[in-house]
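**Q** Supplied in structure tokens, the structure appears directly below.
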Amino acid sequence: EASEKKRIEDAFKNRILKVLVKENPVEVPNSLMLDQKQALIEDFKKRMSQQGLDEAGLKDYLEKWDKDFEKTASEMIQSSFLVDAIAKKHDLLCKQEDIDKKFQEYAAQTGIDEARIREFYSKEETLSRLTYQITEDNVLKKLMETVKVSEVSKEQLKEEEN
């Protein structure tokens, strides 16, 4: 049940970000979009090869869905620009106490010693991801407090996704 609740929350957050991007389009530098697209493709290749998809199948898929990778990359960059702007405007950027609190949460949830968790996040890249995740969560909480939410049917959601 907890995983289902998390799945629903994540879907809701993604929907908020999509609407945010749709209503506030931002110019995306082509070089950034290409870098993000390549990162998405590399991640996809890794996951699919672990699931046994051969090189030919992978190539076909990538050709067929190239524009989707581009669209997703562009939306990700736009949402990160918007999240950053909102975070700065409303003082929602991740602070050290937010990170400390997250480490304590992780330790409580997993039973792993907090010092080991801190060690894992000592790498700049992993800490940067966590910092962005916390900032994004802060912004999404703020948006959820201020946006008007209305329930939609499954069919309507599927239509919007296409």
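Quick note: the sequence shown uses this note's numbering, first residue 209, plus one each step.
Virtual Cβ for every residue (Gly too), placed ideally from N, Cα, C.
#1: Contact defined as beta carbons within less than 8 angstroms: I believe Phe289 pairs with Lys245. What is the distance between those atoms, to the nearest angstrom?
#2: Can you give, in chain order, each stretch of the alpha helix (DSSP H) that sits fully within the stretch 272–343 and has at least 4 residues?
#3: Have a look at Lys253 and Leu351 and give me their C-alpha separation to the nearest angstrom.
#4: Using only CA atoms, which one of Glu359, Ala293, Gln364, Glu327 lies nearest to Tyr340?
#5: Should Val347 be labelled buried (16 or more other beta-carbon atoms within 10 Å of its own) or exposed?
#6: Just to confirm, are Ile285 and Leu270 a CB contact at a threshold of 8 angstroms?
**A** Short version:
#1: Taking 8 angstroms as the upper bound for CB-CB distance, Phe289 and Lys245 are not in contact here, some 16 angstroms apart.
#2: 274–297, 304–318, 322–328, all fully within the stretch 272–343.
#3: The C-alpha of Lys253 lies about 34 angstroms from the C-alpha of Leu351.
#4: Proximity to Tyr340 across Glu359, Ala293, Gln364, Glu327 peaks at Ala293, based on C-alpha coordinates.
#5: With 16 or more Cβ atoms within 10 Å of its Cβ, Val347 is classed as buried.
#6: No, they are not a contact pair.
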